[in-house]
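Enquirer:
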Amino acid sequence: MFDVVLLSRLQFAVASMFHFLFVPLTLGLSVLTAIFETLYVKTGDEDYKRAAKFWGKLFLINFALGVVTGITLEFQFGTNWSRYSMYVGDIFGSLLAIEATLAFFLESTFIAVWHFGWDRLSPKLHALSIWLVAIASNVSALWILLANGWMQHPVGYTIRNGRAELESFRAVVTNSFGWMEFIHTVSGAYILAGFFVLGISAWHLLRKNETVFFKKCFRVAATWTLIFALFEVFNGHLHGSEVAKAQPTKLAAMESLWETKNGAPMYLFIVPDEENERNKIELFPIPGMLSLLAYHNPSATVKGLKEWSEEERPPVTPTFWSFRLMVGLGFLFAALSIWVFLKRHEIEKNHFLLRILPWMIPLPYLACELGWIVAEVGRQPWIVYGLMETSAAVSPLSPVQVGISLAAFILVYTLLGLVDFYLLFKYARKGPEKISLAPVSAAGSPATN
Amino acid sequence: MEQNIFQVIWFILWGVLWAVYFMLDGFDFGLGMLMPFIAKNDSERRIIYNAAGPFWDGNEVWLITAGGATFAAFPKTYAIMFSALYTPLLLILFALILRGVAFEFRGKEESPVWKMVWDICLVIGSFLPALLFGVAFANFFKGLPIDWQGIMHGNTLSLLNPYGLLGGLLFVVMFLVHGALWLAVKSNGVLKWRAKVVAEKFWVLEVLLALIFFMATGFLTDLWANFFHYKILLIIPALAVLGLVAIPGFLASGAYWKAWFASALTIVFTTAFGVAGLFPRLIPSSLNPSWSLTIYNSSSSPLTLKIMTVVAFIFVPVVILYQVWTYKTFSEKVRPEFLETEEAY
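Listed in order, the protein sequences are those of chains A and B.
Counting in our numbering, the first sequence runs from 38 upward without gaps.
Counting in our numbering, the second sequence runs from 14 upward without gaps.
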């Protein structure tokens, strides 16, 4: 029952979903830390320096696991998906290689410069180094998502010599599907980082720790979160209509639409019944809404899942629920961010908001993971949409080999994940370093060693 | 013809990326492996962590780029190399994960048990990749039992043949010397003295292993054939030997930087020796020479190779520039005062 394809898919799911617990915070918190440090350089306000150090420390704890788990992802294309790598490496491999050369070097080199360089670089140069990290990590996301965008919507290739070969590099790097994914993913990451800063600041504000300091952090994060939470709703809609055009099977699964319809309605509540190819419950229809959202025309035809044979459809239940939940969370973030923004100047008085915000921190994490489930499960049975099936992509391995490595992934990642979140909690609660009035004495007493 | 030029360029770049990776992460691995023998207390252990501190992350990216370049330029080789070496490669990756988090996590709690756990991770996470990269590359030099479909015949244990193990041992010892020299550069006092003694001792072993390796390579592989065919290539093993014999002289006169560079020369040109011997093959098949993966039957399309060449020729020099700048910026020794600061590991 457990074949190599299934085990390899599970392993990739574990590895990529675990990796993506750390990536969004890296993408967002690097920029926020850079903003805090820039405010310090501009205003000379020590609080902003402490903010850069405080959030930067959390950034580093998070970054460590993000980096090391990213490497295993790159190599898994070779270890577990070697047929895929042979078939599309001409295009896909080059995008990963460009990512490493352009972005990953920059990110990994300058994060160390930033980490160790407080006393060695001028404040401006030091702030520049965190900006380089922030830019590099986001450029890195762009190339990775152009690679994923190509799997979702392959362009610029031709089938030659028994494989997909590059025909137009320009088409690959301007693939609108990849760019939409990039914008959507990065905005989501920024929302996550925003709620991370808001939640931790709220926790301290409620306890009256460093009120001045955390109010400054809160205000920056409130504006930031508002911008991206609203933008996400807008670009999420555009991304959805891109999916409708490029991946009709995924769209049908996202909406659990079985029959092809002209002027398809949108049901606010659906329970899919995959076995019987129908929905158990369909409530609160909004006429023509699905057609309008997907094709910007309320009478457009939306294809239902029955247009395709069962083998050509993605699993409907996980795709549908992940999508619904993600969208629901997206609206919650938008509403919450407006509320937070309006109250930002007197936030210390709003105990209700301060109390709920720390509990909001996990929700954007959930939304990001759900988004990836929609993207990847919804693309099935294809590994490259319309071009290569997932079952044809796997390496010639034995199930035992993959079973053992899968178990090892689960074990090691669970342990490291727990340690990492424990440390994030610990250092988030500890708060920023106190302002030191006297310079720290140069030589530590030998007795402490 | 034009296709051939790009294939050759990428073969050379492939070798260069691996060689630079071993040169850089090699000293990190050496530091990690040396720690249990050379550091007697917590602050000495922390000096070892901080000697690699600002560098290990940037060093590791050379591995990612070497992997990425293999994927982009020789996708078929990438696919077969990593699926054939499934178990050892995943072991390397897990080891690198443990090593990476050890750096970041160790100093975050005061408990001695906590520190010990991460110290063990650092040691394992340094030793396993050093050993397994050596085993893997020696097996590439010898050829893997891959059939015409790229399916490996034989299991992981068959990689642990005498020549493979010899390669692994050579890598471990090369990196031990390399790491000890780096520590001599980065530390003071008794630690520096111990590093020097260790480097001297392991150097003897390194010479011995290198000799056996170059001879065994003559008997068990056809790597030397290229060198006798294109005599100019003999400069590659000559430079490896030159670096190796220069080490003790520099050590004796206290020129630790120079000794480290000599060791770097040895690592780069030992790797280059293997790669140049393989040309035009990336991974020979030990079952049938015509099933070998070569730059001709496993490379990407001309267009991809061209684009990748442009990217590499613009950005790799930029990477080298800013990494050299980083090494310069953080070139001073790890002083005990630094360990008192917040940012120290």
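We treat Cβ as the ideally placed atom computed from N, Cα and C, and that holds for glycine.
(1) Could you tell me if V217/B is buried or exposed, where buried requires 16 or more neighbouring beta carbons within 10 angstroms of its beta carbon?
(2) Determine the contact status of G231/A and T262/A, defining contact as a CB-CB distance below 7 Å.
(3) Please state whether the Cβ-Cβ distance between Y99/B and T116/A is less than 7 Å.
(4) Alpha carbon to alpha carbon, what distance is there between F59/A and R200/A?
(5) From K209/B to A275/B, what distance separates their C-alpha atoms?
(6) Between E28/A and F271/A, what straight-line distance do the alpha-carbon atoms span, to the nearest angstrom?
(7) By alpha-carbon positions, which one of G180/B, G120/B, I51/B and K214/B ends up nearest to L352/B?
(8) Taking the continuous alpha helix (DSSP H) assigned at Y402/A, which residues delimit it?
(9) What residues in the segment 122-144 of chain A have a beta carbon less than 9 Å from any beta carbon of chain D?
(10) Distance, Cα to Cα, L182/B vs F268/A?
(11) Could you have a look at W118/A and say whether DSSP puts it in helix, strand or coil?
(12) For a test of the three-state rule: what should DSSP assign to P418/A, helix, strand or coil?
(13) Once you ignore the five residues that flank G481/A on each side, which residues in its own chain have a CB closer than 7 Å to its CB?
(14) With a threshold of 7 Å on Cβ separation, who are the neighbours of L110/A within its own chain once the five nearest residues in sequence on each side are excluded?
(15) Does the Cβ-Cβ distance between A82/B and L157/B come in under 7 Å?
(16) Do you know how far the Cα of I307/A is from the Cα of F378/A?
(17) In the DSSP assignment, the beta strand (DSSP E) including Y194/A goes from what residue to what residue?
(18) What does the Cβ neighbour count give for D55/B, buried or exposed, with the cut at 16 atoms within 10 Å?
(19) Report yes if the CB atom of Y304/A is closer than 7 Å to the CB atom of P322/A, and no otherwise.
(20) Is it the case that the segment 422-436 of chain A contacts the segment 367-378 of chain A, given that we only count it when at least three CB pairs across the two stretches are under 8 Å?
(21) Tell me the DSSP bridge mates of R315/A?
(22) State the Cα-Cα distance for the pair D70/B and K90/A, rounded to the nearest angstrom.
(23) Determine the DSSP secondary structure at E83/A, reduced to helix, strand or coil.
(24) Chain B beta carbons: is any one of them nearer than 7 Å to that of T195/A?
(25) Check T307/B in the structure and name its three-state DSSP category.
(26) Can you find the residues in the same chain that come closer than 8 Å, C-beta to C-beta, to L158/A, ignoring five residues on each side of it along the sequence?
(27) Quick one: is W180/A buried, meaning 16 or more other Cβ sit within 10 Å of its Cβ, or exposed?
(28) What residues from chain A crowd round T322/B, counting only those whose CB sits closer than 8 Å?
(29) Rank L44/B, W237/B, L106/B and L252/B by C-alpha distance to the C-alpha of F68/B and give the top, closest one.
(30) Excluding the 5 residues preceding and the 5 following G231/B in the sequence, name in chain order all residues of the same chain whose CB lies nearer than 7 Å to its CB.
(31) Tell me, to the nearest whole angstrom, how far the beta carbon of A193/B is from that of V211/B; I am working on the premise that it is less than 8 Å.
(32) Would you please verify whether the beta carbon of V150/A is less than 7 Å from any beta carbon of chain B?
(33) What does DSSP give as the partner residues of Y304/A in its beta bridges?
(34) Name the chain B residues whose beta carbon is nearer than 9 Å to that of T109/A?
(35) Apply the 10 Å Cβ neighbour rule to M123/A and answer buried if 16 or more other Cβ atoms are within range, or exposed otherwise.
(36) If you check the beta carbons only, do Q48/A and F446/A fall under 7 Å apart?
Expert: Answer, in terms of the structure:
(1) Taking the second sequence and counting its residues from 1, the one referred to as residue 217/B is at position 204. With a threshold of 16 other beta carbon atoms within 10 Å, V217/B falls short and is exposed.
(2) Along the first sequence, read from residue 1 onward, the residue named residue 231/A stands at position 194. Along the first sequence, read from residue 1 onward, the residue named residue 262/A stands at position 225. For G231/A and T262/A, yes; Cβs fall inside 7 Å.
(3) The residue you call residue 99/B lines up with position 86 of the second sequence. The residue you call residue 116/A lines up with position 79 of the first sequence. Yes.
(4) Here the question's residue 200/A lines up with position 163 in the first sequence. Here the question's residue 59/A lines up with position 22 in the first sequence. Between the alpha carbons of R200/A and F59/A lies a distance of about 34 Å.
(5) Within the second sequence, residue 209/B is the residue found at index 196, counting from 1. Within the second sequence, residue 275/B is the residue found at index 262, counting from 1. Rounded to whole angstroms, K209/B to A275/B spans 15 Å at the Cα level.
(6) Missing from the structure shown is residue 28/A; chain A here goes from 38 to 486 and no further.
(7) Numbered from 1 along the second sequence, position 339 holds the residue referred to as residue 352/B. Of G180/B, G120/B, I51/B and K214/B, the residue nearest in Cα terms is G120/B.
(8) What you label residue 402/A is simply residue 365 of the first sequence in a count that begins at 1. Where Y402/A is concerned, the enclosing alpha helix (DSSP H) stretches over P399 to V414.
(9) Of the protein chains in the structure, A and B, none is chain D.
(10) Numbered from its first residue, the second sequence carries residue 182/B at position 169. Numbered from its first residue, the first sequence carries residue 268/A at position 231. Taking the straight line joining both Cα atoms gives about 56 Å.
(11) Reading the first sequence from its first residue, position 81 is the one you call residue 118/A. Residue state, collapsed to three classes: coil.
(12) One-based indexing of the first sequence puts residue 418/A at position 381. If DSSP states are grouped into helix, strand and coil, P418/A belongs with coil.
(13) As a first step, residue 481/A must be located in the first sequence, where it is residue number 444. Legend: pLDDT at G481/A = 39, less than 50; position of this residue unreliable, value from coordinates given subsequently. For G481/A, there are no CB contacts under 7 Å within the same chain when 5 residues up- and downstream are skipped.
(14) Here residue 110/A refers to the residue found at position 73 of the first sequence. Scanning its chain for C-beta atoms nearer than 7 Å, with the 5 sequence neighbours on each side dropped, one finds around L110/A the residues A52, S53 and H56, in chain order.
(15) For this step, residue 82/B is matched to residue 69 along the second sequence. For this step, residue 157/B is matched to residue 144 along the second sequence. It is not a contact, given that the beta carbons lie outside the stated cut-off.
(16) The count along the first sequence starts at 1 and reaches residue 378/A at position 341. The count along the first sequence starts at 1 and reaches residue 307/A at position 270. Cα to Cα, the separation comes out at about 33 Å.
(17) Along the first sequence, read from residue 1 onward, the residue named residue 194/A stands at position 157. Membership of Y194/A in the beta strand (DSSP E) is indicated by the continuous run Y194 to R197.
(18) Indexing the second sequence from 1 puts residue 55/B at position 42. By the neighbour-count criterion, in which 16 or more other beta carbons inside 10 Å mark a residue as buried, D55/B falls on the exposed side.
(19) Within the first sequence, residue 304/A is the residue found at index 267, counting from 1. Within the first sequence, residue 322/A is the residue found at index 285, counting from 1. The Cβ atoms of Y304/A and P322/A lie closer than 7 Å to each other.
(20) No: fewer than three Cβ pairs fall under 8 Å.
(21) Position 278 of the first sequence, counting from 1, holds the residue named residue 315/A. In the DSSP assignment, R315/A is bridged to D310/A.
(22) Position 57 of the second sequence, counted from the first residue, corresponds to residue 70/B. Position 53 of the first sequence, counted from the first residue, corresponds to residue 90/A. Those two C-alpha atoms are separated by around 20 Å.
(23) If you number the first sequence from 1, residue 83/A lands on position 46. Of the three classes helix, strand and coil, the one that applies to E83/A here is helix, per DSSP.
(24) Translated into the one-based positions of the first sequence, residue 195/A becomes position 158. Closer than 7 Å: no.
(25) By one-based count along the second sequence, residue 307/B stands at place 294. Under the three-state reduction of DSSP, T307/B is assigned to strand.
(26) Position 121 of the first sequence holds residue 158/A. The answer, listed in chain order, is V150 and S166.
(27) Taking the first sequence and counting its residues from 1, the one referred to as residue 180/A is at position 143. The residue in question, W180/A, is buried, as its Cβ has 16 or more Cβ neighbours within 10 Å.
(28) To locate residue 322/B, count along the second sequence from 1; it is residue 309. For T322/B, there are no neighbours in chain A by C-beta distance under 8 Å, as the nearest C-beta there is about 11 Å away.
(29) Position 55 of the second sequence, counting from 1, holds the residue named residue 68/B. Closest by C-alpha distance to F68/B, out of L44/B, W237/B, L106/B and L252/B, is L44/B.
(30) On the second sequence, position 218 is the one that residue 231/B refers to. Once the five neighbours on either side are set aside, the close Cβ partners of G231/B are W237.
(31) Here the question's residue 193/B lines up with position 180 in the second sequence. Here the question's residue 211/B lines up with position 198 in the second sequence. Confirmed, Cβ separation roughly 5 Å.
(32) Looking up residue 150/A in the first sequence gives position 113. True, the Cβ-Cβ gap to chain B drops below 7 Å.
(33) Along the first sequence, one-based indexing puts residue 304/A at 267. Y304/A is bridged to P322/A.
(34) If you number the first sequence from 1, residue 109/A lands on position 72. The contacting residues are L103, L106, F107, L109 and I110.
(35) Walking along the first sequence from the start, residue 123/A turns up at place 86. Under the 10 Å beta carbon count, M123/A is surrounded by 16 or more other beta carbons and is classified as buried.
(36) Position 11 of the first sequence holds residue 48/A. Position 409 of the first sequence holds residue 446/A. It is a contact, given that the beta carbons lie within the stated cut-off.
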